[in-house]
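Here the protein sequences come in this chain order: A and B.
The first sequence begins at 3 in the numbering used here and counts up by one.
The second sequence begins at 3 in the numbering used here and counts up by one.
I have placed the structure first, in the form of structure tokens, so that the comments after it can refer back to it.
Number of protein chains: 2
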Amino acid sequence: MLGLMQDWPLLVSKVLDHAATYHGDQEIVSRTTEGPVERCTYKELHSRARRVAKRLEAQGIKKGDVVATMAWNNARHMEAWYGIMGMGAVCHTLNPRLFPEQLVYIMNHAEDQLLFVETTFVPLIEAVADKLQTVKGVVIMTDAAHMPDTKIENAICYEDWLAEADDDYTWPQFDENTAAGLCYTSGTTGNPKGVLYSHKSNVIHGMLANAADTLGLTSGEVILPVVPMFHANAWAIAFAAPMAGAKLVMPGPKMDGESIYELLDGEKVTATAAVPTVWLMLLGFLEENNLELPHLNQVVIGGSACPPSMIETFEKKYGVEVFHAWGMTEMSPIGTLGRLKGKHAGIPWDEKLSLKAKQGRPPFTVEVKITDDEGNELPRDGKAFGHLLVRGPAISKSYMKGEGGEILDDDGWFDTGDVATLDPDGYMQITDRAKDVIKSGGEWISSIDLENLAVGHPDVAEAAVIGIEHPKWDERPLLIIVRKEGTEVSKEDILSFMDGKIAKWWMPDDVAFVKEIPHNATGKILKTALRETFKDYVLPTA
Amino acid sequence: MLGLMQDWPLLVSKVLDHAATYHGDQEIVSRTTEGPVERCTYKELHSRARRVAKRLEAQGIKKGDVVATMAWNNARHMEAWYGIMGMGAVCHTLNPRLFPEQLVYIMNHAEDQLLFVETTFVPLIEAVADKLQTVKGVVIMTDAAHMPDTKIENAICYEDWLAEADDDYTWPQFDENTAAGLCYTSGTTGNPKGVLYSHKSNVIHGMLANAADTLGLTSGEVILPVVPMFHANAWAIAFAAPMAGAKLVMPGPKMDGESIYELLDGEKVTATAAVPTVWLMLLGFLEENNLELPHLNQVVIGGSACPPSMIETFEKKYGVEVFHAWGMTEMSPIGTLGRLKGKHAGIPWDEKLSLKAKQGRPPFTVEVKITDDEGNELPRDGKAFGHLLVRGPAISKSYMKGEGGEILDDDGWFDTGDVATLDPDGYMQITDRAKDVIKSGGEWISSIDLENLAVGHPDVAEAAVIGIEHPKWDERPLLIIVRKEGTEVSKEDILSFMDGKIAKWWMPDDVAFVKEIPHNATGKILKTALRETFKDYVLPTA
Numbered sequence: 003m004l005g006l007m008q009d010w011p012l013l014v015s016k017v018l019d020h021a022a023t024y025h026g027d028q029e030i031v032s033r034t035t036e037g038p039v040e041r042c043t044y045k046e047l048h049s050r051a052r053r054v055a056k057r058l059e060a061q062g063i064k065k066g067d068v069v070a071t072m073a074w075n076n077a078r079h080m081e082a083w084y085g086i087m088g089m090g091a092v093c094h095t096l097n098p099r100l101f102p103e104q105l106v107y108i109m110n111h112a113e114d115q116l117l118f119v120e121t122t123f124v125p126l127i128e129a130v131a132d133k134l135q136t137v138k139g140v141v142i143m144t145d146a147a148h149m150p151d152t153k154i155e156n157a158i159c160y161e162d163w164l165a166e167a168d169d170d171y172t173w174p175q176f177d178e179n180t181a182a183g184l185c186y187t188s189g190t191t192g193n194p195k196g197v198l199y200s201h202k203s204n205v206i207h208g209m210l211a212n213a214a215d216t217l218g219l220t221s222g223e224v225i226l227p228v229v230p231m232f233h234a235n236a237w238a239i240a241f242a243a244p245m246a247g248a249k250l251v252m253p254g255p256k257m258d259g260e261s262i263y264e265l266l267d268g269e270k271v272t273a274t275a276a277v278p279t280v281w282l283m284l285l286g287f288l289e290e291n292n293l294e295l296p297h298l299n300q301v302v303i304g305g306s307a308c309p310p311s312m313i314e315t316f317e318k319k320y321g322v323e324v325f326h327a328w329g330m331t332e333m334s335p336i337g338t339l340g341r342l343k344g345k346h347a348g349i350p351w352d353e354k355l356s357l358k359a360k361q362g363r364p365p366f367t368v369e370v371k372i373t374d375d376e377g378n379e380l381p382r383d384g385k386a387f388g389h390l391l392v393r394g395p396a397i398s399k400s401y402m403k404g405e406g407g408e409i410l411d412d413d414g415w416f417d418t419g420d421v422a423t424l425d426p427d428g429y430m431q432i433t434d435r436a437k438d439v440i441k442s443g444g445e446w447i448s449s450i451d452l453e454n455l456a457v458g459h460p461d462v463a464e465a466a467v468i469g470i471e472h473p474k475w476d477e478r479p480l481l482i483i484v485r486k487e488g489t490e491v492s493k494e495d496i497l498s499f500m501d502g503k504i505a506k507w508w509m510p511d512d513v514a515f516v517k518e519i520p521h522n523a524t525g526k527i528l529k530t531a532l533r534e535t536f537k538d539y540v541l542p543t544a
Numbered sequence: 003m004l005g006l007m008q009d010w011p012l013l014v015s016k017v018l019d020h021a022a023t024y025h026g027d028q029e030i031v032s033r034t035t036e037g038p039v040e041r042c043t044y045k046e047l048h049s050r051a052r053r054v055a056k057r058l059e060a061q062g063i064k065k066g067d068v069v070a071t072m073a074w075n076n077a078r079h080m081e082a083w084y085g086i087m088g089m090g091a092v093c094h095t096l097n098p099r100l101f102p103e104q105l106v107y108i109m110n111h112a113e114d115q116l117l118f119v120e121t122t123f124v125p126l127i128e129a130v131a132d133k134l135q136t137v138k139g140v141v142i143m144t145d146a147a148h149m150p151d152t153k154i155e156n157a158i159c160y161e162d163w164l165a166e167a168d169d170d171y172t173w174p175q176f177d178e179n180t181a182a183g184l185c186y187t188s189g190t191t192g193n194p195k196g197v198l199y200s201h202k203s204n205v206i207h208g209m210l211a212n213a214a215d216t217l218g219l220t221s222g223e224v225i226l227p228v229v230p231m232f233h234a235n236a237w238a239i240a241f242a243a244p245m246a247g248a249k250l251v252m253p254g255p256k257m258d259g260e261s262i263y264e265l266l267d268g269e270k271v272t273a274t275a276a277v278p279t280v281w282l283m284l285l286g287f288l289e290e291n292n293l294e295l296p297h298l299n300q301v302v303i304g305g306s307a308c309p310p311s312m313i314e315t316f317e318k319k320y321g322v323e324v325f326h327a328w329g330m331t332e333m334s335p336i337g338t339l340g341r342l343k344g345k346h347a348g349i350p351w352d353e354k355l356s357l358k359a360k361q362g363r364p365p366f367t368v369e370v371k372i373t374d375d376e377g378n379e380l381p382r383d384g385k386a387f388g389h390l391l392v393r394g395p396a397i398s399k400s401y402m403k404g405e406g407g408e409i410l411d412d413d414g415w416f417d418t419g420d421v422a423t424l425d426p427d428g429y430m431q432i433t434d435r436a437k438d439v440i441k442s443g444g445e446w447i448s449s450i451d452l453e454n455l456a457v458g459h460p461d462v463a464e465a466a467v468i469g470i471e472h473p474k475w476d477e478r479p480l481l482i483i484v485r486k487e488g489t490e491v492s493k494e495d496i497l498s499f500m501d502g503k504i505a506k507w508w509m510p511d512d513v514a515f516v517k518e519i520p521h522n523a524t525g526k527i528l529k530t531a532l533r534e535t536f537k538d539y540v541l542p543t544a
């Protein structure tokens, strides 16, 4: 027997309808690519998004077609985003930091039909334009006054293009499982793989983000997503903010400390979200200029692990609560968020900080578990660490066009590739990437723990740990160090610094000094390259 | 093209799984029907709910079977609720305040197979047992020590029944649109009609309830739902609390001021929800005993309009924020909730109170609009009032077995039967029931506004307004008054009290004095009965 409730498909167009109808006068403030800070309302955004949809249809774009954007966080990107998805096309957000060859690969793989691109990235597109096999038109996201001189064929000025459509347009209604958004992961191995979000997954994910114990946006919130819309839906904020009627403050192309501070202060921002690098720049700027953050209440930090010292600075010095978060493109992306529980009220600061340094706990609709190599579930005791597996309605079941094959196990779990602990309260802590874990005599050693410890040495600029083949133990850790300029720290110095802070059998068997450690496009250490470099290395213990 | 996200059906069993896994030690505190206050955890509740499911299967209950409960808010009701729904049966919550003949009607109409009943209601069931055509067994919700002597055939003691199953049980997975819950509306006309919730609608509704701008429950919240689980899912709290890992405090059979105060204070309750009558009793008790509410932060008031004086008392005297809410059984039930917006920070108290006296604004997934008699949408200007229509994924599309026929219009809107205004910020205010509006010369007069004004007279105990046929104006208002004991207020006194406070043409054409005004089972004025009584009444103006 089926229930008798309305067939009201969970479409992303309804998110913007809601914002326009019940929060029509709420503002979206954007630092434009052209320079000035501009503002519009949800009502205006709603009107322009429907014009985009109508204009796309006039262009011949059909339901299921893929339309790409290479754009900053601003109102124009938001209206294009909702216009594309709302009319039933798929919004493919491109990360401009990808290498040109990766960009060409994903645009051809996704079969992008049309491209919206900021003036900033016109040179990037010019350089690859002749390799794009499916793109039929390029819309430059600016007005006539700022239209660059470009050799891209079929390039049109966005505002001229949009002027050809009015907003007399009704969103089509269709199956909520229809594809809405596409975002390629920047894997360290193999080709990038496309994550294809559905309308339903985006709406459910927006709702879980707005749960009071997750991001918890309200109509009183002023939220600044520094995290880009091309990073998995700006961590849900592109949906969660209009859903709640929150004021949106969009940073555009400028993510330096001064620019972010100017918006935080000028727009009285109450909540913000970004990767640690952005906050390092902001904290530096605040420090240098002796500034405060009187309006800001919460900052969400994810993308890579947040150092406890950063949490402490925000909370103790600036009175801003930090929520450490973890997720993946494949998870829409929120996996866990570090809000404390009622039972933690009044615990000492040190305990609070240890808890906040973990990546947090999953909101409802995200399931997590850890397993050993054989797939046996490991205890949630905060000590055992194992493969982190996830399940939920906003988590990938496969990649675009089946790349990478089957990615779920028989029970529907997706292996994140991370290794983590889970404590009895559900707080998760990433200890490593599975492929970076060092397997020594059947036991696991976390490369990240060793790296974090090594960079604590005052003369170490950067550290990486990889496993090196060992005749007796299968693998043993090699610590690779970039010295700080002008220092001469030795292997013995570093090992004695680490001694006593970890189990004896975790101690690296050797230390290698290098000039630099290779990174991928998003700033992560490229361990594949390190393993290649050190593939013939022989440990002194071997 | 469909998205590539996981098929993770939104089943209510997953709500309890989440609570048990990530908030296993969180408490459910119940005032038991036997007397003492008892406590258990979500982990224990999860175990017992799976035992219920396993035991139901052993009993021969199958997916799609209807299992009824007539129970108070307590842990046993929660575990039965999740056990029934989780195994795929339909949990039919019975309102014990229904008249016996209505109870027999709905139990036969729903084809209830099994009944869980509190000892409190055993006499009620004994009186109708021989008229129940489908019920094959009755489980008395108590332990052996408290098992009453009953003449109900096949009556079993709950704890003995449950002892026959262990918790080695895995929830079945099935279509999220499967029926989960059933609740009959107590209409003032015709037979009660069954609202059939699905798993998906319950989950979506729980998620909208937990949005930070709706109920916004967190794991730090201690929530006391005085509103019964048989009143449309305890206003979502039966799902929203475990979803958030909130501590649940269940009042059992005692809803008097002293009993509620004892739980509010003893369990440090932070949030609670009930109809105005309950709060009148509590406020009276607090006043008499000179007590405070130091832990309570928010109270949600709905079910019938909350007098502004009650909002003022809670907020000014006790420092408790009031959220006025409105909904319907057909809406799961949340329709609107009166949280203020960011823009309202700092408005004067009088304006705040006027806004809070409205029923609030819809959360995302609830759509509202107002129309005239011809179905034309009326402006959202806070002045125009018209038929209130709603749409959303947790709103009925039809009643059990098609009773009442088609209930949606061509665009999928459900007519609530209420008449309301909508202001530009989305705040809704009920002005009347559509069938009670007085249609005078093509214009509408709100019977509720006149009643609210009349009861403001110090000598008036209760007031009702109905439309009486009029040769010139079609209908004109008749004010029906119950005088306070010992007073002799006259027609002229009352009309002159009202004069100047409403438009001249809204003034009642006559006042009739009666000893009492009839009410239905849930305490609402039975205007059908009044219209019958006064059907031959001739107005002095006619």
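Ideal placement from N, C-alpha and C gives every residue a C-beta, glycine not left out.
The structure presented is a predicted model; accordingly, all values stated were derived computationally and were not measured.
- Around residue 364 of chain A, the beta-carbon contacts reaching into chain B at under 7 angstroms are 24.
- The criterion of a C-beta distance shorter than 9 angstroms is not satisfied by residue 85 of chain B and residue 112 of chain B.
- With 16 or more neighbouring CB atoms inside 10 Å of its own CB, residue 67 of chain B falls in the buried class.
- DSSP places residue 16 of chain B inside the alpha helix (DSSP H), whose first and last residues are 14 to 24.
- Look at residue 44 of chain B here: in three-state DSSP terms it is helix.
- The DSSP-derived three-state label of residue 55 of chain B is helix.
- Check the Cα spacing between residue 392 of chain A and each of A/299, A/334, A/444: the tightest is with A/334.
- By the CB criterion at 9 angstroms, residue 4 of chain B and residue 179 of chain A fall inside the cutoff.
- If one requires a minimum length of 3 residues, the beta strand (DSSP E) runs lying completely within the stretch 399 to 467 of chain B are 416 to 424, 430 to 435, 440 to 442, 445 to 447, in chain order.
- Cβ contact annotation for residue 211 of chain B (same chain, cutoff 7 angstroms, sequence separation greater than five): 217, 238, 242, 336, in chain order.
- Listed along the chain, the chain A residues whose CB falls inside 8 angstroms of the CB of residue 300 of chain B amount to none; the nearest CB is some 12 angstroms away.
- Taking the Cα positions, residue 332 of chain B is about 5 angstroms away from residue 398 of chain B.
- Along the stretch 48 to 66 of chain A, the positions whose C-beta sits under 9 angstroms from a C-beta of chain B are 65, 66, read in chain order.
- Residue state for residue 387 of chain B is assigned as strand, using DSSP reduced to three classes.
- Residue 227 of chain B is bridged by DSSP to B/275.
- Our two residues, residue 148 of chain B and residue 360 of chain B, have alpha carbons roughly 46 angstroms apart in a direct line.
- Selection A/97, A/136, A/200 evaluated against residue 9 of chain B yields A/200 as nearest (Cα-Cα).
- Using a CB distance cut-off of 9 angstroms, residue 393 of chain B counts as an interface residue toward chain A.
- Excluding residues up to 5 positions away in sequence, 72, 98 lie with their Cβ nearer than 6 angstroms to the Cβ of residue 123 of chain A in the same chain.
- Ranked by how close their Cα comes to the Cα of residue 344 of chain B, the residues A/136, A/535, A/246, A/515 have A/246 in first place.
- Here DSSP, grouped into helix, strand and coil, assigns residue 289 of chain A to helix.
- When CB distances to chain A are screened at a threshold of 7 angstroms, the residues of the stretch 318 to 346 of chain B falling below it are 343, 344, in chain order.
- Contact with chain A is found for residue 201 of chain B, since one of that chain's Cβ atoms lies less than 9 angstroms from the residue's Cβ.
- Short of 7 angstroms from the beta carbon of residue 433 of chain A, and not among the five residues preceding or following it, lie these beta carbons of its own chain, in chain order: 387, 421, 422, 423, 448, 450, 451.
- Selection B/193, B/159, B/42 evaluated against residue 103 of chain B yields B/193 as nearest (Cα-Cα).
- Under the 10 Å beta carbon count, residue 81 of chain A is surrounded by 16 or more other beta carbons and is classified as buried.
- In this structure residue 480 of chain A is in contact with residue 511 of chain A, their Cβ atoms being roughly 7 angstroms apart against a cut-off of 8 angstroms.
- In the three-state scheme derived from DSSP, where H, G and I count as helix and E and B as strand, residue 512 of chain B is classed as strand.
- Residue 410 of chain A and residue 27 of chain A have their C-alpha atoms some 44 angstroms from each other.
- Neighbourhood of residue 8 of chain B in chain A, by CB distance below 9 angstroms: 203, 393, 394, 395, 396, 397, 398, 399, 410, 414, 416, in chain order.
- Residue 441 of chain A and residue 419 of chain A do not touch by the CB rule: their CB atoms are close to 15 angstroms apart, not below 8 angstroms.
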